[in-house]
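Engineer: Residue numbers (UniProt numbering): 1 to 445.
Structure in structure tokens, see below.
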Amino acid sequence: MTLTHGTGTTAGHSADARSAGAALGADAVARIRADFPILARTVREEKPLVYLDSGATSQRPRQVLDAERTFLERHNAAVHRGAHQLAEEATDAYESARARIAAFVGANDDEVVFVKNATEGINLVAYGLGNASVRTGLDAASERFALGPGDEVVVTELEHHANLIPWQELCRRTGATLRWYSVTDDGRIDLDSLELTDRTRVVAFTHQSNVTGAVAPVAQLVERAAAVGALTVLDACQSVPHMPVDLHRLEVDFAVFSGHKMLGPSGVGVLYGRRELLEALPPFLTGGSMIETVRMEGATWAPPPQKFEAGVPMTSQAVGLGAAVDYLGAIGMDTVAAHEASLTAAALEQLSAIDGLRIVGPPGAELRGGAVSFVVDGIHAHDLSQVLDDAGVAIRVGHHCAWPLHRRFGIVASARASFAVYNTLDEVTALADGVRAAQTFFGTV
1 MTLTHGTGTT
11 AGHSADARSA
21 GAALGADAVA
31 RIRADFPILA
41 RTVREEKPLV
51 YLDSGATSQR
61 PRQVLDAERT
71 FLERHNAAVH
81 RGAHQLAEEA
91 TDAYESARAR
101 IAAFVGANDD
111 EVVFVKNATE
121 GINLVAYGLG
131 NASVRTGLDA
141 ASERFALGPG
151 DEVVVTELEH
161 HANLIPWQEL
171 CRRTGATLRW
181 YSVTDDGRID
191 LDSLELTDRT
201 RVVAFTHQSN
211 VTGAVAPVAQ
221 LVERAAAVGA
231 LTVLDACQSV
241 PHMPVDLHRL
251 EVDFAVFSGH
261 KMLGPSGVGV
271 LYGRRELLEA
281 LPPFLTGGSM
291 IETVRMEGAT
301 WAPPPQKFEA
311 GVPMTSQAVG
321 LGAAVDYLGA
331 IGMDTVAAHE
341 ASLTAAALEQ
351 LSAIDGLRIV
361 GPPGAELRGG
371 AVSFVVDGIH
381 AHDLSQVLDD
391 AGVAIRVGHH
401 CAWPLHRRFG
411 IVASARASFA
421 VYNTLDEVTA
431 LADGVRAAQT
441 FFGTV
């Protein structure tokens, strides 16, 4: 580790914590960038790479790459199975990663379940509720999760598909009804658009929109859900990598995030669940490693988190994710948040100054994260992306897995720049210059 910025605290959460840290100076950012080999490469005829697509997937520092490689070269074995030295070392590395990741988000070790990604984590909860809804062979603790006709699952219009379609499918299987909070014109959750009822069983929402960047009013949504006895499921994919998050303080029941969006490997994510809920929730996948006893007539389940980790898990990826939280923690999440807030504010200022460009989301930096989506009059997002790519600037275009939200704004696609701790103010300027170059190329100005 080459950096020791900040305190590494995870005590705070949401945009309130952004003011707690100081933005990184140019020298500090340069040292961070030196840890990411891919940022030194060139693209499109030797142009410096300007990577502004970390909302889709982030890049990995050498520390994460080294952790995965060292594990595979020296400790690789199936965890929780063999009694030989390599199996013991692999299990220790796997469980050590779980403990560090749990501490990073303010959770207990046994409240962190390794999954393939956030999508799988949300599906795990949705299928667990669906399995409880069968109401056969379950105890009373599990039947508390059962849904049926007349019950409601609530989401928001901000959700990306991973936090929408699993709930649509749960409603289809159980007969429950899907309802949702609409969004305001500036891309925030409209809390006045929906009243929860005694039949509301689940409220699932994003912590920070991957399109508008808006940070959700978590405390208010949790309070409303608790008032009617509903479970809360937090999609923290766009918050855990970018700000201090303490899941116990947020008082959500479940939360998910993915490794590949937070400087870690792909193929690994985390489902957080309150211990008593994980103990009662029926499993999603069954088979080896998740059992306590097995007879030909039936089986009993291991305690969580093993209850939800059937089969041999993604071990080197979990080790890599452990290294990623070590890396972010060494910088300090207050510092990460402050740095990205400075990038976001600069992007909003520079992009808003371009004639014919409209920001999709809050126009100001308050209660807002580093995903900045926009449309440019007369230029399709894909054409805009091509011009930017020719200049070495990588952004995301399309509906960003949030098709209903784009319909809400009456657009078929948008361009999105999303920042991480390794980005610079010069890269923000490169983005704005690229947009102006596209306007000139297409003759719209």
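Just so you know, even glycine gets a beta-carbon here, dropped at the ideal spot from N, CA and C.
Quick caveat: nothing in here was measured; it's all calculated off a predicted structure.
(1) Using three-state DSSP, classify Gln-208 as helix, strand or coil.
(2) Roughly how far, in whole angstroms, is the beta-carbon of Gly-361 from the beta-carbon of Glu-68, given that I think they are within contact range, below 8 Å?
(3) CB-CB under 6 Å to Met-314, same chain, minus the five flanking residues each way: which ones, in chain order?
(4) Measure the C-alpha to C-alpha separation of Ala-345 and Ala-371 and round it to an integer number of angstroms.
(5) Report the partner residues of Thr-177 according to the DSSP bridge assignment.
(6) Measure the CB-CB distance between Gly-398 and Ala-214 and report whether it falls below 9 Å.
(7) Would the stretch 157 to 170 count as touching the stretch 183 to 199 if we require 3 or more Cβ pairs under 8 Å?
(8) What separation, rounded to the nearest whole angstrom, lies between the Cα atoms of Asp-426 and Ala-28?
(9) Can you give me the start and stop residues for the beta strand (DSSP E) that residue 462 sits inside?
(10) Is Ser-182 helix, strand or coil by DSSP?
(11) May I ask you to check if the CB of Arg-98 is nearer than 8 Å to at least one heavy atom of the ligand NAP?
(12) Take Ala-324 and list the residues in its own chain whose beta-carbon comes closer than 6 Å to its own, dropping the five residues that flank it on each side.
(13) Along the beta strand (DSSP E) that carries Gly-320, what are the first and last residues, could you check?
(14) Exposed or buried, what is Gln-386 when buried is set at 16 or more other beta-carbons lying within 10 Å of its beta-carbon?
(15) How about Val-125 and Leu-271: do their beta carbons lie closer than 9 Å?
(16) Taking its Cβ as the centre, do 16 or more other Cβ atoms sit within 10 Å of Ala-438, making it buried, or is it exposed?
(17) Mind reading off the beta-carbon distance from Thr-232 to Val-222? Whole number of angstroms is fine, and I expect it under 8 Å.
(18) Among the candidates Val-228, Gly-259 and Val-112, whose CA atom is the shortest distance from the CA of Thr-57?
(19) Taking the alpha carbon of Ala-23 as the reference point, which residue from Ala-365, Ser-342 and Trp-403 has its own alpha carbon closest?
(20) With respect to the beta strand (DSSP E) encompassing Phe-419, which residues constitute its N-terminal and C-terminal limits?
(21) When the Cα atoms are used, what is the spatial distance from Trp-167 to Ala-30?
(22) Measuring CB atoms only, is the stretch 273 to 284 touching the stretch 324 to 341, in the sense that at least three cross pairs come out at less than 8 Å?
(23) Should Asp-151 be labelled buried (16 or more other beta-carbon atoms within 10 Å of its own) or exposed?
(24) Who are the near neighbours of His-406 in its chain, counting only those whose CB is closer than 6 Å to its CB and skipping five residues on each side?
(25) In three-state terms, what does DSSP make of Thr-42?
(26) Would you mind stating whether Ala-302 and Thr-286 have Cβ atoms separated by less than 9 Å?
Structural biologist: So, from the data block:
(1) strand
(2) Actually they do not touch by this definition, with Cβ atoms about 35 Å apart.
(3) Gly-267 and Val-268
(4) 11 Å
(5) Glu-152
(6) no
(7) yes
(8) 14 Å
(9) In the structure displayed, the chain extends from 1 to 445; residue 462 sits before or after that span and is not available.
(10) coil
(11) Absent from the structure shown: the ligand NAP. Ligands present: none.
(12) Val-64, Met-262, Leu-263 and Gly-264
(13) Counting along the chain, Gly-320 falls outside any beta strand (DSSP E), though it belongs to the alpha helix (DSSP H) covering 315 to 331.
(14) exposed
(15) yes
(16) buried
(17) 5 Å
(18) Gly-259
(19) Ser-342
(20) No beta strand (DSSP E) holds Phe-419; DSSP gives it neither H nor E.
(21) 43 Å
(22) no
(23) buried
(24) His-399
(25) strand
(26) no
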